[in-house]
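When we follow numbering that gives the first Met the number 0, the leftmost residue of the sequence shown carries the number 0, and every step to the right adds one. Cβ coordinates follow ideal geometry from the N, Cα and C atoms, glycine included. Heads up, the thing below is written out as structure tokens.
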Amino acid sequence: MQKRDELYAGKAKSVFKTDDEKALILHFRNDTSAFDGKKIEKLDRKGKVNNLFNAFISEKLEEAGIATHFIKLLSDEESLVKKLDMFPIECVVRNISTGSLCRRLGVEDGLDLNPPTFEFFLKNDDLGDPMINEYHIESFGWAEASHVERMKELTFKVNGILQKLFLDAGILLVDYKLEFGLYDGEVMFGDEFTPDGCRLWDVETREKLDKDRFRQGLGDVVESYEAVARRIGVKLD
Ligand code: 5GP
């Protein structure tokens with residue numbers, strides 16, 4: 000597999016073309032960003048832990064029958080993935096109320112949500128990723144109705160699989176964001192699943208173990224990611 004030109008540099012990952020037009024290389028960098036790129040820092044070992052974390056979760060999802068873009072690990076910080084045609088949409092499931100949900104709706108932080116709730120956001124940093132609904136998605140052609148249904152179905156299916164995986168390690172999956180794209184007409188999970196895009200709390204102490212440590216300046220960001228990784232069985236060395 001030959002690595003070719005950089006296609007795109009995101010806030011925490013860079014994407015490279017390869018000699019296979021249907022495959023890309025994701026490079027997980029040490030850059031960490033929050034607040035739509037307004038806070039950025041480099042954190043040692045973050046690229047590696049996120050790359051290995053994402054590979055581990057992707058393999059668990061594949062084993063459970065969820066198609067992902069992940070093909071294989073190439074190095075500590077790089078993975079080979081299928082090239083998807085991404086929808087400009089973020090799918091969020093919340094099992095416990097916190098974050099923007101509480102700010103928007105004025106609801107108490109830390110409430111168990113039964114059933115879990117679901118939200119769509121538009122990927123647009125300039126607009127601060129506004130919340131959108133299914134009518135917006137269809138009216139503006141961001142995805143077809145059948146693809147929207149499939150994204151919702153897959154995002155909830157991921158919840159069942161990952162809530163158990165984390166709970167078995169004494170960790171609550173509070174909420175998470177997934178992104179999807181099309182590959183040969185199939186809606187497939189793309190982007191990444193790492194502590195950058197989900198909230199994870201220790202079940203006993205409710206200590207935050209995810210990117211909220213960075214957003215809120217709590218420190219030990221990568222140390223917490225590594226601790227979660229080890230608890231769920233990711234091999235870091
Ligand atoms: P909230 O809407 O409360 O800020 O975020 C809900 C969940 O989605 C959190 O787990 C958060 O990490 C994730 N999330 C929402 N937007 C983004 C985003 O633009 N980037 C990343 N990495 N995660 C996001």
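When DSSP reads this structure, residue 170 sits in a beta bridge with 201.
Contact between the segment 16–25 and the segment 67–85 is present: 3 or more CB-CB pairs across the two stretches fall below 8 Å. Within 6 Å of the C-beta of residue 7 there is not a single heavy atom belonging to the ligand 5GP. Residue pairing by DSSP places residue 180 opposite 85, 187 in a beta bridge. Counted as a single uninterrupted DSSP element, the stretch harbouring residue 28 is not any alpha helix (DSSP H), since DSSP gives it neither H nor E. For residue 219, the CB contacts under 7 Å within the same chain, skipping 5 residues up- and downstream, are 212 in chain order. Cβ atoms of residue 170 and residue 201 come within 8 Å of each other, at about 6 Å. When the five nearest sequence neighbours on each side are left out, the beta carbons in the same chain lying within less than 7 Å of the beta carbon of residue 32 are those of 10, 11, 38, 39, in order along the chain.
Taking the Cβ of residue 84 as the reference point, every heavy atom of the ligand 5GP lies at 6 Å or farther away. With a beta-carbon spacing of about 7 Å, residue 117 and residue 154 fall inside the 8 Å limit used to define contacts.
For residue 45, the shortest C-beta to heavy atom distance toward the ligand 5GP is 6 Å or greater. Apart from sequence neighbours up to five positions away, no residue of its chain approaches residue 226 with a beta-carbon distance below 6 Å. Inclusion of residue 92 and residue 158 in the CB contact set at 7 Å is warranted, their separation being smaller than that value. When DSSP states are grouped into helix, strand and coil, residue 48 belongs to the helix group. Check the Cα spacing between residue 236 and each of 41, 74, 152, 30: the tightest is with 74. Under DSSP, residue 90 forms a beta bridge with 119, 177. Membership of residue 14 in the beta strand (DSSP E) is indicated by the continuous run 12–17. The beta carbon of residue 16 sits closer than 7 Å to those of 3, 4, 6, 23, all from its chain and outside the five residues before and after it, given in chain order. Beyond the five residues adjoining it in sequence on each side, residue 165 comes within less than 6 Å, by CB distance, of 172 in the same chain, given in chain order.
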